[in-house]
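The sequence shown begins at 62 in our numbering and counts up by one.
Think of the CB as a built atom: it goes at the ideal place given N, C-alpha and C, for glycine as much as any other residue.
Taking it in order: structure first as structure tokens, then the write-up.
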Amino acid sequence: MGVEIERKFLIKNDSWKSSADNGVQIKQGYLNSDKNRTVRVRVYGETGFLTIKGKNENLTRQEFEYEIPLDDANNLLELCEIPIIEKRRYIVADQGNNWELDVFEGENAGLLVAEIELHSEDHQLELPAWVGDEVSTDPKYYNSSLISNPYKNWDV
């Protein structure tokens with residue numbers, strides 16, 4: 062069984078940029094965005110993926126991800142709920158950890174989120190200076206929630 066343990070944070074300044082890679086463009090859509098399970102199609106650069114995720118239990122959930130042909134992924138995106146999530150993902154290495162920083166575009170432009178996958182929920186994590194408030198358990202920050210309530214509609 063695949064398991065994902067992930068913490069998610071807002072980004073409070075741009076100091077992460079000096080340690081970031083060049084980033085990868087991501088387009089992802091949801092064939093099913095039910096709160097108990099999601100089925101996601103993603104084009105990550107030039108690679109397609111199909112991902113099934115279970116319901117969050119604290120910071121942990123089941124996750125199954127499979128590489129699929131790029132053409133299939135692009136065709137499946139046309140079947141997904143609207144809007145398609147568009148973002149650029151940067152990897153930032155900090156203190157032996159690889160952070161994924163998502164800079165959202167399109168309907169969610171202006172939203173910046175840092176994620177880190179852990180081996181256990183009780184993993185002690187020293188946060189970089191650019192990390193802001195934790196939003197790991199706030200459903201409005203789930204990518205699947207950004208379909209029905211895009212960032213452009215939030216009162217921030």
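Beta-carbon gap between residue i and residue j smaller than 8 Å
i	j	result
Arg101	Gln86	no
Glu161	Arg122	no
Pro213	Glu168	The identity of residue 213 in the sequence shown is Lys, whereas the question assumes Pro. In contact: Lys213 and Glu168 (Cβ atoms closer than 8 Å).
Glu67	Glu176	yes
Glu195	Leu120	no
Thr99	Ser205	yes
Ile145	Leu138	yes
Glu124	Arg149	no
Rounded distance between the beta-carbons of residue j and residue i, thought under 8 Å
i	j	result
Val153	Asp163	Wrong, their Cβ atoms sit about 11 Å apart, outside the cutoff.
Asp155	Pro200	Incorrect: roughly 27 Å between the Cβ atoms, too far for contact.
Tyr105	Glu142	That belief does not hold up - the Cβ atoms of Tyr105 and Glu142 are roughly 19 Å apart, past 8 Å.
Lys116	Asn97	5 Å
Ala81	Gly109	Contact flag wrong, Cβ pair sits at about 24 Å.
Span of the beta strand (DSSP E) around residue i
i	result
Val164	158 to 165
Lys69	64 to 72
Val174	173 to 178
Asp194	192 to 195
My parser needs the beta strand (DSSP E) runs of 3 or more residues fully inside the region 92 to 150; what are they?
Scanning the region 92 to 150 from its first residue to its last, the whole beta strand (DSSP E) runs of 3-plus residues come out as 98 to 105, 108 to 115, 121 to 129.
Is it a yes or a no for the region 113 to 129 touching the region 70 to 79, going by three-plus beta-carbon pairs under 8 Å?
Look at the beta carbons and you see the region 113 to 129 not touching the region 70 to 79: under three pairs across the two are nearer than 8 Å.
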